[in-house]
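Numbering (the working numbering), first residue to last: 3 to 223.
Note that beta-carbon positions come from the ideal geometry of N, C-alpha and C, so glycine has one too.
Just so it is clear, the structure is predicted and the values come from calculations on it, not from any experiment.
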């Protein structure tokens with residue numbers, strides 16, 4: 003019976019948790035694909051120096067906007083998946099709440115564009131800037147607060163150290179960011195390392211959730 007489960011098409015093995023897991027897996031893929039497409043379509047764009055947000059003002063900027071909006075929306079679905087499938091301990095609820103705000107922050111980044119370099123500050127640009135800075139603090143605290151619950155849940159225990167490491171890496175990068183500001187030659191690279199750390203965490207957690215959903219279906223049959 004287990005073998006028959008494994009050989010079925012993925013779509014026929016999906017349950018509600020599996021759909022939520024796939025949402026989390028798809029978000030980072032869309033964001034990376036849209037970022038790469040927008041960047042490669044813009045002659046002279048410097049990956050090391052130029053910020054991710056500056057791509058919004060290029061001819062293909064609308065595509066990157068879609069990427070952030072999709073990542074934000076799919077992250078919210080993913081959060082529901084881990085909320086229902088991890089045995090929470092103290093701090094877990096707060097961590098989940100902060101992760102919801104993290105997803106909302108991604109939606110704001112997509113909906114409100116950054117200001118042009120050197121241009122007067124606008125309300126839209128301020129909202130974008132606050133959201134862009136806040137999501138990393140939100141991720142750092144949420145992944146750190148969720149980590150103890152991973153440790154206490156046998157099904158998730160193997161991801162405890164990874165989640166804690168992702169949180170600590172974000173803290174280290176935030177500190178480094180005190181010396182790396184927009185316009186610095188390496189700002190684009192720095193920003194992408196920050197973003198990559200967060201979306202890899204979402205991807206890994208989503209893959210694990212999908213794996214568990216398949217395993218539970220198999221056990222029932």
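Exercise for review: Can you check the segment 134 to 207 for any alpha helix (DSSP H) of at least 4 residues that lies completely inside it and give the ranges in chain order?
Suggested key: 162 to 178
For this session: Return the chain-ordered list of same chain residues with a C-beta closer than 6 Å to the C-beta of residue 133, the five sequence neighbours on each side being excluded.
Result: As a first step, residue 133 must be located in the chain shown, where it is residue number 131. 107, 110, 111, listed in sequence order.
According to DSSP, is residue 93 helix, strand or coil?
-> Taking the chain shown and counting its residues from 1, the one referred to as residue 93 is at position 91. Coil at residue 93, not helix or strand.
| Taking all protein chains shown into account, do 16 or more other C-beta atoms lie within 10 angstroms of the C-beta of residue 27, making it buried, or fewer, making it exposed? | As a working note, residue 27 is residue 25 in the chain shown. Result: buried.
| field | Spatial distance of residue 189 from residue 61 (CA atoms) | value | Residue mapping note: residue 189 aligns to position 187 of the chain shown, counting from 1. Residue mapping note: residue 61 aligns to position 59 of the chain shown, counting from 1. Going by the C-alpha atoms only, they are around 22 Å apart.
Worksheet item: Is it the case that the Cβ atoms of residue 212 and residue 20 are separated by a distance below 7 Å?
Response: Residue mapping note: residue 212 aligns to position 210 of the chain shown, counting from 1. Residue mapping note: residue 20 aligns to position 18 of the chain shown, counting from 1. Contact flag set, yes.
Is the segment 37 to 49 touching the segment 94 to 108, taking contact as three or more C-beta pairs under 8 Å?
no
| field | Closest by C-alpha distance to residue 25, when choosing among 201, 181, 170 | value | Taking the chain shown and counting its residues from 1, one reaches residue 25 at position 23. The option with the nearest alpha carbon to residue 25 is 201.
Exercise. Determine the burial state of residue 181: buried for a count of at least 16 other Cβ atoms within 10 Å of its Cβ, exposed for fewer.
Key: For the purposes of this step, residue 181 is taken as the residue at position 179 of the chain shown. When all chains shown are included, residue 181 counts as exposed.
For residue 141, count the other beta carbons within 10 Å of its own beta carbon; 16 or more makes it buried, fewer makes it exposed. Which is it? Residue numbering aside, residue 141 sits at position 139 when the chain shown is read from its first letter. Flag for residue 141 reads buried.
Exercise. Run through DSSP, which three-state label would residue 115 get?
Worked result: Working through the chain shown from its first residue, we reach residue 115 at position 113. Looking at residue 115 - three-state DSSP - the assignment turns out to be coil, as it is neither helix nor strand.
Burial state of residue 312, where buried means 16 or more other Cβ atoms lie within 10 Å
No statement about residue 312 is possible, as the shown extent of the chain runs from 3 to 223 and does not include it.
State the start and end residues of the unbroken alpha helix (DSSP H) segment that holds residue 87. In the chain shown, the residue the question calls residue 87 occupies position 85. It spans 63 to 87 - the alpha helix (DSSP H) in which residue 87 sits, taken as one unbroken run.
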